[in-house]
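Residue numbers (this note's numbering), protein chains in the order written: chain A, 1 to 261; chain B, 262 to 522. Below is one structure, written out as C-alpha cells; comments come after it.
Number of protein chains: 2
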Amino acid sequence: MDARARELLGPPAAVAQRIGSSVSPGPSHLAACLDGGARQTYREFPMHLTETEFIGALVQSKRRVRRTEVLCEAGDPFSHVYVASSGSFKSFVLTEDGRQQVTGFYIGGELMALDGIESEHHRVTITALEDGEVCVISFAHLEEMSSKTPHFQHQFHKLMSREIVREQGLMILLGVMRAHERVATFLLNLAERFRARGYSGTQFNLCMTRGEIGSYLGLSLETVSRVLSHLNDQALISVKQRCIAIPDAHALRAVIGQRAL
Amino acid sequence: MDARARELLGPPAAVAQRIGSSVSPGPSHLAACLDGGARQTYREFPMHLTETEFIGALVQSKRRVRRTEVLCEAGDPFSHVYVASSGSFKSFVLTEDGRQQVTGFYIGGELMALDGIESEHHRVTITALEDGEVCVISFAHLEEMSSKTPHFQHQFHKLMSREIVREQGLMILLGVMRAHERVATFLLNLAERFRARGYSGTQFNLCMTRGEIGSYLGLSLETVSRVLSHLNDQALISVKQRCIAIPDAHALRAVIGQRAL
DNA sequence: CGCGCCTTTGAAGGAGCTCAATTTAGGTGG
DNA sequence: CCACCTAAATTGAGCTCCTTCAAAGGCGCG
C-alpha cells in the first residue's frame with residue numbers, strides 16, 4: 001500500500017519492487033515550459049540536463065489555445081509534439097460507433113502526441129479543456145538535437161518510456177480495479193500532479209467533465225458521479241461540482257485495494 | 262469496420278483517420294532477430310534502415326530460455342532490452358494483493374522491456390511462455406549507435422512510439438469493449454502477428470493459458486473460455502484447447518463493434 | 001433571465017465474476 | 001505402455017457491480 005502510494009504520488013524517480021501498484025495515469029511530466037522565458041536554443045549542453053532544460057532547449061514557439069480548440073487530430077501528418085504550458089488538455093480516439101475514448105489528461109509541463117512518431121500520423125486528437133498555452137516542438141528538431149547530445153537523447157528516451165509506463169498503469173487500472181479504486185487512483189494522481197506544479201494537492205478544480213473522467217477510467221459518467229458522492233459521504237473527499245478537496249490523501253489511498261467499498 | 266480491420270491486422274504502416282478502431286494489442290514488431298546470422302555491428306549504415314537491419318546491427322548476444330524462465334524482473338536495474346527471437350513471452354506486473362496483470366504477449370521479432378528506461382529499473386517481469394531464444398541488447402549500446410546515425414535513431418523512436426500506440430489500443434479495448442469483442446480483437450491481432458512471422462494466420466496454437474489471456478483482456482478465465490466456446494458454436498472460430506482456427510477473419514471481425522453477442 | 005450542458009440520484013436490468021463441479025490434456029514414474 | 005497426477009479448460013448457477021434509462025436539480029453563458 002505504501003509502495004503504491006509512493007508510486008501514485010511520485011511520478012518520476014520512484015522505484016518499486018512490486019509495480020502492480022504503479023497505477024500512474026499521469027502523463028510524461030515536464031517541469032519545464034511553464035514560463036515564456038526559455039526560447040533560446042543552447043549550442044552547448046550541460047552534461048546533465050534537467051527536464052526543464054531539456055524542454056527549454058527545444059521550444060521554438062508557443063501557441064495560445066482556447067477551450068475545445070484542437071491541437072492535432074487523429075490522422076493528421078505528424079511533425080510536432082506539444083508540451084502543455086498552461087491550461088489543461090485531453091487526448092482521445094474515436095471508436096467507429098462515434099464514442100470517444102479519452103487516453104490521457106495533460107496539465108502543465110507534460111508532453112503530448114508521442115504516439116504519432118510510429119506511423120508518422122497522429123493517432124489521437126488533442127483538445128484544450130480550458131484556455132491555455134502549448135509549447136510546440138518540431139520533432140525533426142528534437143531528433144536533431146537528440147543525436148548531438150547523448151544526455152539530451154537519454155532525457156527524451158526517458159520521457160517516451162514514461163509514457164509507456166503511464167499507459168501500463170492505466171492498463172492495470174482498467175484491467176483489475178473496481179470503480180471506487182479507479183476514481184480514487186485518478187484523484188490521487190491528479191492531486192500529485194497539481195502539487196508538483198506548485199498548486200495545491202489537497203484542493204483543486206477538475207478541468208474535465210464526469211463523462212470525460214468516465215471515458216478515461218472505463219466507467220459510465222453516472223458511476224463516476226456516484227462514486228464521488230459516495231467518497232464524499234464517507235468524508236474521504238469533499239466534492240462540490242468540479243471542486244475537489246482531499247483532506248487526507250492517506251485515507252483515500254486506503255480504498256485502493258479494497259475489493260468492495 | 263474496415264478501418265478497424267486494417268488497423269487490427271496491419272501493425273505498422275496502416276494510417277487511419279479514425280483510430281478508435283486501432284486496437285492493436287500487439288507489441289512492437291521487429292521482423293528481425295529471427296535467425297542467428299545478424300550479429301555483426303555495421304560501421305557504416307545505409308541511409309534507410311529496415312527494422313531487420315536495425316535490430317541486426319544491435320544484437321550482441323543471444324540467450325536460450327526455457328518455459329517459465331524469467332528474462333527480467335520488476336525492480337531489477339535496467340540495462341538491456343530484449344527481442345523475442347523464437348518462442349513467446351509475456352510481461353506482467355504484480356498487484357499488491359498478489360494477482361498478476363499481464364501487460365503484453367510477445368512473439369518473434371518483438372521488442373520488450375522499453376518501460377525500464379524511465380526509472381532505470383524494470384517495471385515488468387518478463388517470462389518465457391515456451392522454450393525459445395531472445396536477443397539481448399545493451400541499452401547503452403543502443404543509445405550510442407542511435408546518436409551516431411539519424412536513421413537508426415528514428416527507427417528506435419518509431420519502435421518506442423509503437424509501444425505507446427499498442428498500449429493505447431489496449432486502453433480502448435479495456436475501456437469500451439465487451440468480452441466477445443475483446444477476445445475477437447485479441448485473436449485477430451494474434452493471427453496477424455503469426456501471419457507476419459510467416460506462420461499461418463488462420464490456424465495457430467495459443468501459447469498462453471485462458472487465465473493469462475483473461476488477465477491481459479481484463480476478463481476472468483471463465484469468461485474467456487465461455488466466449489471462445491460461444492464463438493466456436495457460431496462457427497466464427499474453431500477451438501480445441503490451445504489450437505485455434507479462424508476460417509473467416511472477416512466474419513470474426515464483424516463481432517467487434519456489436520454491443521451484444 | 002432562460003436555455004443548454006453538466007451533474008446528481010433513482011430504479012431496473014444485464015454482463016461478467018465467483019464459486020463449484022466435471023472433463024481433458026500433458027507429464028511422470030512405475 | 002499404461003496409470004496416475006496435476007494443471008488447464010469447460011460448463012453451470014447465483015450473485016454483484018456496473019450500465020442503462022429516466023427524471024430532476026444546478027451552474028454558466030449568451
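Don't be surprised by glycine CBs; every beta carbon is placed ideally from N, CA and C.
Boundaries of the beta strand (DSSP E) in which residue i is found, first to last residue
{"i": "V81/A", "result": "80-86"}
{"i": "A512/B", "result": "Here A512/B belongs to no beta strand (DSSP E); instead the alpha helix (DSSP H) covers 510-514."}
{"i": "L355/B", "result": "350-355"}
{"i": "L129/A", "result": "Element bounds for L129/A: n/a, residue is neither H nor E."}
For residue i, the three-state DSSP class (helix, strand or coil)
{"i": "Y477/B", "result": "helix"}
{"i": "E305/B", "result": "Confidence is the limiting factor: at E305/B the pLDDT is only 46, short of 50, which leaves the residue's position unreliable and the question unanswerable from this model."}
{"i": "L206/A", "result": "coil"}
{"i": "T103/A", "result": "strand"}
{"i": "T484/B", "result": "helix"}
{"i": "V444/B", "result": "helix"}
{"i": "E453/B", "result": "helix"}
{"i": "T52/A", "result": "helix"}
{"i": "A122/A", "result": "Here the sequence assigns His to residue 122/A, which means Ala is not the residue at that position. Reduced to three states, the DSSP call for H122/A is coil."}
{"i": "M438/B", "result": "coil"}
{"i": "A113/A", "result": "coil"}
{"i": "V320/B", "result": "coil"}
{"i": "I505/B", "result": "strand"}
{"i": "R259/A", "result": "coil"}
{"i": "L497/B", "result": "coil"}
{"i": "R197/A", "result": "coil"}
{"i": "R325/B", "result": "strand"}
Selected residue, minimal CA-CA separation from residue i, among the options
{"i": "A179/A", "options": "R99/A, G257/A, F92/A", "result": "G257/A"}
{"i": "I126/A", "options": "T209/A, H151/A, V83/A, E163/A", "result": "V83/A"}
{"i": "T470/B", "options": "V363/B, G317/B, E334/B, T311/B", "result": "V363/B"}
{"i": "A184/A", "options": "N205/A, G198/A, A251/A", "result": "A251/A"}
{"i": "I137/A", "options": "M160/A, M112/A, E167/A, T202/A", "result": "M112/A"}
{"i": "H341/B", "options": "E330/B, V320/B, Q416/B", "result": "V320/B"}
{"i": "R259/A", "options": "M145/A, V65/A, M177/A", "result": "M177/A"}
{"i": "L261/A", "options": "E118/A, L228/A, D248/A", "result": "L228/A"}
{"i": "L419/B", "options": "L375/B, E394/B, G436/B", "result": "The identity of residue 419/B in the sequence shown is Lys, whereas the question assumes Leu. Ranking the options by Cα distance to K419/B, first place goes to L375/B."}
{"i": "R182/A", "options": "R242/A, I213/A, V65/A, G87/A", "result": "I213/A"}
{"i": "L219/B", "options": "S91/A, A128/A, G175/A", "result": "Shown here, chain B extends from 262 to 522; a query on residue 219/B therefore has no answer."}
{"i": "R325/B", "options": "F315/B, A318/B, S346/B", "result": "S346/B"}
{"i": "L219/A", "options": "M432/B, D509/B, A515/B", "result": "M432/B"}
{"i": "I505/B", "options": "S476/B, F455/B, A515/B, L478/B", "result": "F455/B"}
{"i": "K323/B", "options": "G430/B, G393/B, Y477/B, R487/B", "result": "G393/B"}
{"i": "I507/B", "options": "G459/B, N466/B, E379/B, S476/B", "result": "N466/B"}
{"i": "V93/A", "options": "H122/A, G169/A, G108/A", "result": "H122/A"}
{"i": "Q361/B", "options": "S499/B, S476/B, R458/B", "result": "S476/B"}
Residues that residue i contacts on chain A, provided the C-beta gap is smaller than 7 angstroms
{"i": "M373/B", "result": "None at all; the shortest Cβ gap to chain A is about 11 angstroms."}
{"i": "T364/B", "result": "Q168, M171"}
{"i": "S408/B", "result": "S147, P150, Q153"}
Unbroken alpha helix (DSSP H) run spanning residue i, endpoints
{"i": "L142/A", "result": "139-148"}
Chain-ordered chain B contacts of residue i [CB-CB under 8 angstroms]
{"i": "H180/A", "result": "Chain B residues near H180/A: none, gap ~15 angstroms exceeds 8 angstroms."}
{"i": "L174/A", "result": "M432, L435, G436, G479"}
Partners in chain B for residue i, counting only beta-carbon separations shorter than 9 angstroms
{"i": "Q60/A", "result": "Here the premise fails: no neighbours, minimum Cβ distance about 19 angstroms."}
{"i": "M160/A", "result": "L375, I378, E379, H418, M421, S422, E424, I425"}
Listed by chain order, chain A residues near residue i by CB distance under 9 angstroms
{"i": "H415/B", "result": "I117, E143"}
{"i": "R454/B", "result": "Within chain A, no residue comes near R454/B; the closest Cβ sits about 16 angstroms away, beyond 9 angstroms."}
{"i": "G518/B", "result": "T95, E96, D97"}
Closer than 7 angstroms: residue i CB and nearest the ligand COA heavy atom
{"i": "E51/A", "result": "What this structure holds is no ligand at all, so the ligand COA is not there to describe."}
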